[in-house]
Structure formats: C-alpha cells, structure tokens
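Structure first, then comments.
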Amino acid sequence: MSKDYLIILSLLLSTVLATASSSSSSSSLYLGKGFSHRKLSPSYHIHKTIDESYAVIFDAGSTGSRVHVYRFNQQLDLLRIGQDLELFVKTMPGLSAYAENPQDAAESLIPLLEEAEAAVPQEFHPRTPVKLGATAGLRQLEGDASDRILQAVSDMLKNRSTLNVGADAVSVLSGNQEGAYQWVTINYLLGNLGKHYSETVAVVDLGGGSVQMAYAVSETDAAKAPRAPDGVESYITEMFLRGKKYYLYVHSYLRYGMLAARAEALKVRDSENPCILAGFDGYYVYGGVQYKAKAPPSGSSFSQCQNVVVEALHVNATCSYKDCTFGGIWNGGGGAGENNFFIASFFFEVADEAGFVDPNAPNAKVRPVDFENAAKVACNTELKDLKSIFPRVKDGDVPYICLDLVYEYTLLVDGFGIDPQQEITLVRQVEYQDSLVEAAWPLGSAIEAISSLPKFEKLMYFI
C-alpha cells in the first residue's frame, strides 16, 4: 500500500468521524416560559488555550434579567463561544417585580446561572469573575427593598455558584457606570478604543427606567466641566482604555426611561391626556403605581402631546451653564466626540413598532424627523384603527404609541439638542468578527472585570 494512499485514507476517515460527531451532538436548549436564549453550538468548550479568560455578567434591568457570557484572549479580543461571540439568555420579569419576596428574586436567576456555568469550562470556573449590575428598576424601589433583593442574590451566588464571586459581585450600578459601560461596549465593537476621542461615537441608551448619554470630550473641555449639583454624579468620568486616556461626559436621567417617562407624562395631565389615543380609558401601571390614562374627547394630538412631554422633561428649566440638555443639566459642551450618535434600546423597539426600520436588522440609519413623522400619524389615529396602520405595535403599547413616538422625538431634539435632520444610528447589535454582539452595557463591565485580572495589567480601568 503506497504512502499517498495511506494519507488519503486517513483524511477520509477523519472526515467521517468529524461528521458523525457533529450530527450526533446537535442539541437545543429550552428554559421554559419566560426565557429566551441564543442557541449555542454544543462544541463550545473546544479549542481552549491558556491565554483565554471568561466573564459572566448579569444585567438586572427594569423589564427583565439577562446574563451574558464572554470569552477573551490575552489582547482582550472576543473569542467565540460555539458559533457566537457571547452566550445571551434572558428572563422576565425583572428583579424589581419581587420587591416583596427577595428570595424569589434570587431564585429567578438560577436558570440563567446554570446556563452561564455550562458555557464556561469547569477548569475556568474559579478564575471567571461573575458580576450582577442592577439598573433603574432597583434604583427606584422604596425603602430597603433593593438592599434585601441584592443580599438574597449575593447569598444565592455564593452558595450555588462555582464561579469567582467577589465581594463586590452584586451591586446597583450608578447611572454613570451604566452609561460609561454602554459607551465602552459600542466603541469597543466598532474598533474605536485606542483611537483619538474624535474618532469615537456618542451613545444614548434609552432603558425602561432611565436614559443615559455618554460621549468623549477633550482633556481641555473636561478640565472646564462645571461641578455637578449636590446629589448629581460628576459630569466627567475618566477611563484608561487600550493605552489611551479618555474623558467621558456621562449623565443618567432617572425616571426618563421609556416606561418611566409614560408615568411622568401622565402626571402632567392626570385626567384627560392628549398623548393617549382616542377610545382608551384605563390605567397605566409603573413601579406599582397606577396612573390614569384617558384620551380627551378630541383624541390625541401631536402638538398638544409634545407640550406635555416638554413639561415632563423640564426642557425650560433654569440652566446655570452655557448649554443644558433638560432639567437644568449641563450638556457636556459638545465637540467632536458627539458628531456621530448611536442610539440604543427602546429607540429601536419603538421605531420597529412604528414600521420605519427593518425588525430583523441589527441596526438602522434614521433621522429624528422619522419619529416625528410617525408620531403625527399615530397621534391622529383612534385606538380601534391603530393596528391596521401600525400592525407591529404590541397590544400593551397601543394606547401609548403616540406618547412613545412624541417622547423619543422630543427627547432627541429638545432634550439632547440633535438636529431633526441629522442621521443617527439605531442599534441593537453590532457586527464584530462576522458575528453580531448585543449593544449592551454588560460587555463594557466584562472588559473592566477581565482587565482587573493580574495577567491583563489593567488594560481598562476607571480613574
């Protein structure tokens, strides 16, 4: 038998074995009602190297809980976990829904934890940091409810998890942390970190309970930043990223996330509200509080609703600085770092419901005027006709679609000062290494957590 023949036979045998292994190991995950996930290749534990590291980040948001698992190489580049660059699993409702029962809140995370631990090879568990960051939903809970939930979650992780649960593993993120992490996530995925600040993008992230704005400014402008009012976080956050120091203008507006803003607008007109579609008479519930939601006899009105939203945002509040956003908050001074806006979370969802973006696209180029145009149509529609014009609007959002569109347009233009005709990018996911990665703050948190490991020599840290 010739040497060439033996080589060919060996290659054929290897191919057959690989095919058999692949076909016999395919599987699908099911987490039960309320859970969703990305399907992972069953071979995600192969090709381990000594230079890789994992991070597990829980995002305890106002509308649900999510877990992200990331895998990095020594240069802090993302590596694949199976076919994707992250494991992403989510469940509803969020931890704040368990305000009266902290133990149930902690137990709601167990299926997420189990999926995350299964994605990390066993030998990496002791050195894989796990963190949970709670956002606006828990920030708004009254009394000690938030502390009791966080303690229950911390106890659960320490008692059940084989991952590295540090003393600071569970916390409520400050608004500035959330905004800074989101800025890091998007600019990391775009390949902007390490570049001059003028080559980075600005980020506005509209969550359920709060909205964050973040962009890089020059060292000179950072030095001129005014002192924040009492009770307000510093306007400038300093970060060291990929060998370069950045000065971020960051501000978080609690109670002005999409779901919270509905309540703020309904408080402005607590009887008949021109933001509510004609034909609706009911209550909107947010944070355990009921708000009357009833249309006036004339129905909803774009111009009158915008007046309500401007009042709710306190756009005309006294400004003690050269320029403000809304509520008397300094706007950061502008500059090259905010020439290009990436707009995340509920902005994309509402644009999807209004029908002016592709629901299957990871991102979309739009202009604020697109929200205005859709709002004018929605606000001129009765409740009974809305679904025939906007078929993608979720049933629970139908009475509020006029309000949602007016709010997002007004927030961008009157709140953040973006020109109605300026092109902006609505983003859910960012393409990175031919895969799509969620445009969410946990990646920024994961990069910071991994950077703190000794072998990474603090490639990213807050100053």
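In our numbering, the protein residues as written are 622 to 1084.
Here a beta-carbon is modelled for each residue, glycine too, at the ideal position from N, C-alpha and C.
Just list the residues that DSSP pairs residue i with in beta bridges.
i: residue 754; result: 680, 792
i: residue 902; result: 915
i: residue 945; result: 951
i: residue 865; result: 862
i: residue 834; result: 825, 872
i: residue 984; result: 1048
i: residue 907; result: 910
i: residue 693; result: 674, 699
i: residue 731; result: According to DSSP, residue 731 bridges with nothing at all.
i: residue 1053; result: 1056
i: residue 857; result: 870
Which of the three DSSP states is assigned to residue i in this structure?
i: residue 645; result: Note that residue 645 scores 32 on pLDDT, short of 50, meaning its location in the model is unreliable; the coordinates nonetheless yield the value given after this. Correct three-state label for residue 645: helix.
i: residue 638; result: The predicted model places residue 638 with a pLDDT of 39, which falls under 50 and marks its position as unreliable, so this point remains unresolved.
i: residue 845; result: coil
i: residue 880; result: helix
i: residue 704; result: coil
i: residue 739; result: helix
i: residue 687; result: strand
i: residue 783; result: coil
i: residue 873; result: strand
i: residue 665; result: Its pLDDT being 49, under 50, residue 665 is placed unreliably in this model, and the coordinates cannot settle the point.
i: residue 977; result: coil
i: residue 928; result: helix
i: residue 699; result: strand
i: residue 827; result: strand
i: residue 964; result: strand
i: residue 1037; result: coil
i: residue 745; result: helix
i: residue 711; result: strand
i: residue 1008; result: helix
i: residue 852; result: coil
Assuming residue i contacts residue j under a Cβ cut-off of 8 Å, what Cβ separation, rounded to an integer in Å, is found between them?
i: residue 737; j: residue 708; result: 7 Å
i: residue 915; j: residue 892; result: 7 Å
i: residue 898; j: residue 1007; result: 6 Å
i: residue 1068; j: residue 793; result: Their Cβ separation, rounded to whole angstroms, is 20 Å, which puts residue 1068 and residue 793 out of contact at 8 Å.
i: residue 760; j: residue 934; result: Rounded, the Cβ-Cβ distance is 19 Å, inconsistent with contact.
i: residue 1066; j: residue 752; result: 6 Å
i: residue 829; j: residue 683; result: 4 Å
i: residue 883; j: residue 719; result: At roughly 22 Å, the Cβ-Cβ gap does not stay under 8 Å, so residue 883 and residue 719 are not in contact.
i: residue 858; j: residue 838; result: Not really, about 11 Å apart at Cβ, beyond 8 Å.
i: residue 962; j: residue 825; result: 6 Å
i: residue 888; j: residue 912; result: 7 Å
i: residue 739; j: residue 702; result: Contact flag wrong, Cβ pair sits at about 11 Å.
For residue i, count neighbouring C-beta atoms within 10 Å of its own C-beta (all shown protein chains included) and say buried if the count is 16 or more, exposed if not.
i: residue 819; result: exposed
i: residue 680; result: buried
i: residue 744; result: exposed
i: residue 789; result: exposed
i: residue 1003; result: exposed
i: residue 689; result: buried
i: residue 890; result: buried
i: residue 1061; result: buried
i: residue 964; result: buried
i: residue 763; result: exposed
i: residue 817; result: exposed
i: residue 678; result: buried
i: residue 667; result: Note that residue 667 scores 45 on pLDDT, short of 50, meaning its location in the model is unreliable and no value can be drawn from it.
i: residue 711; result: buried
i: residue 973; result: buried
i: residue 813; result: buried
i: residue 981; result: exposed
i: residue 864; result: exposed
i: residue 833; result: buried
i: residue 840; result: exposed
i: residue 750; result: buried
i: residue 725; result: exposed
i: residue 798; result: buried
i: residue 686; result: buried
Any beta carbon from chain D within less than 8 Å of residue i's own beta carbon?
i: residue 683; result: The structure shown contains no chain D; it holds only a single protein chain.
Contact between the segment 950-958 and the segment 897-911: three or more CB pairs below 8 Å?
no
Examine the Cβ distances between the segment 843-850 and the segment 757-777 and report whether three or more of them are shorter than 8 Å.
no
Does the segment 699-708 touch the segment 779-788, meaning 3 or more C-beta pairs lie closer than 8 Å?
no
Do three or more CB pairs link the segment 988-995 to the segment 1023-1033 at distances below 8 Å?
yes
Between the segment 1036-1056 and the segment 1006-1021, do three or more beta carbon pairs fall short of 8 Å?
no
Examine the Cβ distances between the segment 924-931 and the segment 979-990 and report whether three or more of them are shorter than 8 Å.
no
Does the pairing of the segment 940-952 with the segment 968-979 give three or more beta-carbon distances under 8 Å?
no
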